[in-house]
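For the record, in the sequence shown the residue sitting at position 356 is 355 according to numbering that gives the first Met the number 0, with numbers rising by one throughout. Ideal Cβ positions, reconstructed from N, Cα and C, are used throughout, including at glycine. All values reported here derive from a predicted model rather than from experimental measurement.
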Amino acid sequence: MPLPDAGPALLAPAPWVDERGAAVRITAVRTFLTAPHGCPHLVVRVETNDPGLYGLGCASDPQRTLAVRSVIDDYVAPLLAGRDPDDIDDIHRLLLNSAYWRGGSITGNALGGVDTALWDLKAKRLGAPLYSLFGGRVRTFAEAYTHVDGLDAAELADKVAAARERGFRHVRVQAAVPGADTYGAHGGGADPAAVRERRAPWDSAGYLRYVPEVLTRVRELVGDDVELLHDVHERLDPRQAREFLRRVEDARLYFVEDLLAPEDARHFKRLHDASPVPLAVGELFHDPAQFTALLAGPDIDFARIRVPTLGGLTPARKIAALCELTGVRLAPHGPADVSPIAQAATLAMDISSHAFGVQEAAAFHPAAHEVYPGTITPSDGGLRPHPTPGHGVDFDEAAARRYPVPEPLAHDRWALLRNTDGSVQRP
C-alpha cells in the first residue's frame, strides 16, 4: 500500500536521523500474495524515495496468511512511512513494541517480512551481497539436505542412493506407517483422499513399532557414506519420545527433528542427557527466548530457525551468534512455503556463520523461478549465494499475478489431525 509523506507527523522518530540529514526515506510498503508453488507466499516490498531502490522480504505463514498481511498493511506499514531504512535494529524494536502484547507467530512473520526487506535494501544501497553485511563469507557453500519418503526400507534406500547421486550428502528419510497419516510420507501410508480430508488418523503406537526399525534397516542398506535425518514433527509425547530415541540409536542419525512440541520443550534436557541421538528443534518458535532457554544447557544440538516466523534476520542472527558461543549448530527451516526470497536471505546467514550445520533445501516448481528471478537451486548437495547486491532474488509482480492464491485459502487445513481414539493431535 502506498504511504503518504509522514513529515512532522512521524511517530516516535529516531532523534539522530535528522541530525545526520538522511536523504533516503521509506515511501511505501507493499504486500503481494502469490502461489507459484501451490502454497501461499506473502511477499513484502519496502520502497524508498530513491528510484529503483527497494528491498524484498518474505512473510509467509500458510496457516494465517491473511492475518499476517493485515498486520503489515494496517499496522506496520503506517509506522514505517518517512523513516530512514538504514536503522534496521531500531525499526525492528519499535515495530515489536508497537503491538504492546508482543510476540506470536502472526506478529513474527509480519516483522520477519519487513525486517528481511530492510536488510536486502541496505545491502543493495551499499552495492554488496547481503552476507557481506554479516561479516562476509566463512564458507564456499551451505550444505543442504533433501527429502525422500516411502513405505519400506528397500524403497527408501533406493531413493537415498538416488539423492546421493544428485550430490546430496544429507537426506531426510520419512517412512510411511501403513494405514496411518504419517508426516512427510506420501506413498502407501493411508488413502490419499482420507489424508486430504483429514479422515486418516495418526497412530503413535504404530509409528513407534514401525519407523525406528525401517530407519535402522535403511542405514544398513545405504552404509555410512550419507547423513540420514528424520522429522518426528512434534507428534510424540515425552514418554514416547524417550522410547523413540532408544529404538533409533542404531540408525546413527545426523539428527532427529522436532521430537517434541514447543509446549513440551522442558523435557529436552532429560532426553538430551539420556540419549546420544542429536536433537534439532525450532521451526515452530516465534520468540528468540524459546531458543535461549534451550541453548543455555545446551539441551539441543541443532537450532531449526525459521527466519520469517522468528521475526526476520535481526533476531535470527542474534540466535546464530548464541549458537556459535554454545556449540549448537544451525539447521534452518527451509521448505517451499517460505519462498525463494526467504531461502536466499537465510542462506546469507548460513554462509556467514561459523555455527552453521545444514540447510533444508526446497525444490521449487518452475513457476516459482518465473515469479522469483534468481531463485537458488541446490547444486552438488549445497546452496551457493549470489554475489550480486542484496540477497539476490527478485520478484516479478506481473508473473506473480499469473499464479493467484486459490480462494478460499485451503492450505490452513493441512495440519488438522486426529489420533486413533478421535482426540486432536499436534500436526
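Going by beta carbons, E226 and R168 fall inside the 8 Å limit. The beta-carbon distance between V357 and A330, rounded to whole angstroms, is 5 Å. This is short enough to meet the 8 Å contact definition. Contact between H229 and Q173 is confirmed by a C-beta separation of about 7 Å, below the 8 Å threshold.
Shown here, G381 sits in a strand according to DSSP, grouped into three states. The shortest CA-to-CA distance from A141 to any of L416, S352, P50, A302 is the one to S352. When secondary structure is reduced to three states using DSSP, Y209 falls in the helix class. Within the model, the alpha-carbon separation for A34 versus A344 is close to 19 Å.
A buried status is given to G54, since no fewer than 16 other beta-carbon atoms sit within 10 Å of its beta-carbon. In this structure, G391 places its C-beta atom within 8 Å of the C-beta atom of G373.
Within the region 176-248, complete alpha helix (DSSP H) segments of at least 4 residues are found at 191-195, 203-221, 237-247, given in chain order.
Looking at the DSSP output, L329 bridges to A302, F355. Burial state of Y99 is exposed, judged by a 10 Å Cβ sphere holding fewer than 16 other Cβ atoms. For Y74, the closest alpha carbon among the candidates T376, L95, D60, G205 is that of L95. The beta carbons of V113 and G56 sit closer together than 8 Å. R198 and R328 have their C-alpha atoms some 38 Å from each other.
For the 8 Å CB-CB criterion, V45 and V28 form a contact.
Between the alpha carbons of R195 and L415 lies a distance of about 10 Å. Judged by DSSP in its simplified three-state form, D85 adopts coil rather than helix or strand. Check the Cα spacing between H36 and each of W413, A366, P405: the tightest is with A366. For a cut-off of 8 Å, the C-beta gap from V70 to A109 is around 4 Å, short enough to register as a contact.
DSSP, read as helix, strand or coil, puts R171 in strand.
Taken in chain order, the complete alpha helix (DSSP H) segments of 4 residues or longer contained in the region 110-170 are 129-132, 152-164. In this structure, DSSP gives R425 a state outside helix and strand, which the three-state scheme calls coil. Excluding its 5 nearest sequence neighbours in each direction, H368 has C-beta neighbours in its own chain below 7 Å: T374, listed in chain order.
Membership of H271 in the alpha helix (DSSP H) is indicated by the continuous run 267-273. In the DSSP secondary-structure assignment, N418 is bridged to W201. CA-CA distance, D151 to S104, rounds to 36 Å. Going by C-alpha positions, L32 is about 32 Å away from A13.
Under the three-state reduction of DSSP, V45 is assigned to strand. Taking a contact to require three or more Cβ pairs closer than 8 Å, the region 155-163 and the region 385-401 do not qualify as touching.
Around H364, the same chain offers P35, H36 as residues with beta carbons nearer than 7 Å, after the five sequence neighbours per side are excluded.
According to the DSSP assignment, V67 belongs to the alpha helix (DSSP H) that extends over 64-69. Judged by pairs of C-beta atoms under 8 Å, the region 307-326 touches the region 282-292, as three or more such pairs exist. CA-CA distance, P405 to A341, rounds to 22 Å.
Residue environment: R138 is assigned as exposed (fewer than 16 neighbouring CB atoms within 10 Å of its CB, all protein chains considered). Distance check between F133 and each of R316, P403, V423, A76 places R316 closest, using alpha-carbon atoms only.
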